[in-house]
Amino acid sequence: MKIYQQAPADVTRYIDLHRDIALEDEVQHFENYLRPIRRFKEITPDTEILEIGTGTGWFPLLCKLRGLKCKGLEISSHLIEIAKQTGRRYGIEPDIELGNLEDYGLPDDFYDVVIASSVFEHVEDWRTGVHKVYRTLKAGGVLYFESTNKFSFTSGEYSGIPLYGWMPNAWRYAIRKKVQGEDIMKLGIDFHQFTHACLRSEFKRAGFTRILDRVDVAENEHITTGFRRRVVRLAKRFGPARALALTFAEATRFICIK
Ligand SMILES: C[S@@+](CC[C@H](N)C(=O)[O-])C[C@H]1O[C@@H](n2cnc3c(N)ncnc32)[C@H](O)[C@@H]1O
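Each residue of the sequence shown is one higher than the last, beginning at 876 in the working numbering.
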């Protein structure tokens, strides 16, 4: 994947939708990332955090507001600019570098925490990405990972089509090109619709010592609906219920420890 000087149409659409974000509105989202991580790693002002694919930059900006160190890696210079503009409204500057995870030179054994939320589906060579994340974490470092789940009934990637993720890649690419134009393939396309099983096996191959999926890390007191609480309770007790819950969940989610 390349870094483009001109914003692909999907980035322009994304910017139009998210230009005026308020960091206050993202606080819950921010806590949802940090809560499960804190169970495995203390987060202090010295903790080295990396976010891959920063989008509008709300995560590194909220880190900065809270005195936490967070570096961002983002493939779109236009989105970095949006993050800087938002930062100016709050009197802070985010630390985000322009680069593609696939070939960016991340330091070995450096970060305590890596956040990769809604980004790996867009990384063409995602396996290389997983191995790079592993290498850049210190021993005991934590990866927070969230991405597509192929057999989810709805899709955050393209909500217009039911069972969008179930389609073969070639069909999804063809539909998106037809509706959104050829340059969706430059940036914005979900190259991958993952399953928990395929991600787990790649995390294992990379070397992670503990790989916890969304059922493992779910905490009842933070689940908002009674239905979800019941599903998690069942999934924690019975293997087949767990397999079903992971297969059809709206997204893949993992905490991996190096
Ligand atoms: C859907 S957005 C998610 C943004 C943010 N993580 C969030 O959850 O709000 C995906 C972001 O990843 C960036 N991205 C996609 N491929 C990338 C790559 N190979 N390297 C770095 N960033 C990438 C995109 O430009 C976009 O900003």
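All C-beta atoms, glycine included, are put in the ideal place defined by N, C-alpha and C.
In the structure shown, residue 1036 adopts coil according to DSSP, grouped into three states. Distance from the CA of residue 1029 to the CA of residue 1000, rounded to the nearest whole angstrom, comes to 25 angstroms.
At least one heavy atom of ligand 1 sits closer than 7 angstroms to the Cβ of residue 929. In terms of Cβ geometry, residue 973 and residue 952 form a close pair [threshold 8 angstroms].
DSSP lists 1021 as the beta-bridge partner residues of residue 992. Taking C-beta atoms under 8 angstroms as the contact rule, residue 983 and residue 1003 fail to qualify, at a distance of about 15 angstroms.
Residue 967: not part of any alpha helix (DSSP H); DSSP gives it neither H nor E.
Among the bridge pairs identified by DSSP, residue 973 is matched with 949.
Taking C-beta atoms under 8 angstroms as the contact rule, residue 943 and residue 989 fail to qualify, at a distance of about 14 angstroms. In the structure shown, residue 1129 falls within a strand segment according to DSSP collapsed to helix, strand and coil. For residue 1085, the beta-bridge partners assigned by DSSP are 1132.
DSSP lists 946, 989 as the bridge partner or partners of residue 925. Each residue's CA atom was taken as its position, placing residue 960 and residue 969 some 10 angstroms apart. The C-beta distance from residue 985 to residue 1013 rounds to 7 angstroms, short enough to fall under 8 angstroms. The DSSP-derived three-state label of residue 1013 is strand. Excluding the 5 residues flanking it on each side, residue 1081 has same chain C-beta neighbours closer than 6 angstroms at 1005, 1006, 1009, in chain order. Under the three-state reduction of DSSP, residue 1029 is assigned to coil, being neither helix nor strand. Placement of the Cβ of residue 994 at a distance of less than 7 angstroms from at least one heavy atom of ligand 1 is found. Residue 955 and residue 948 have their alpha carbons spaced roughly 9 angstroms apart. In terms of side-chain proximity, the C-beta atom of residue 1034 is found no nearer than 7 angstroms to any non-hydrogen atom of ligand 1.
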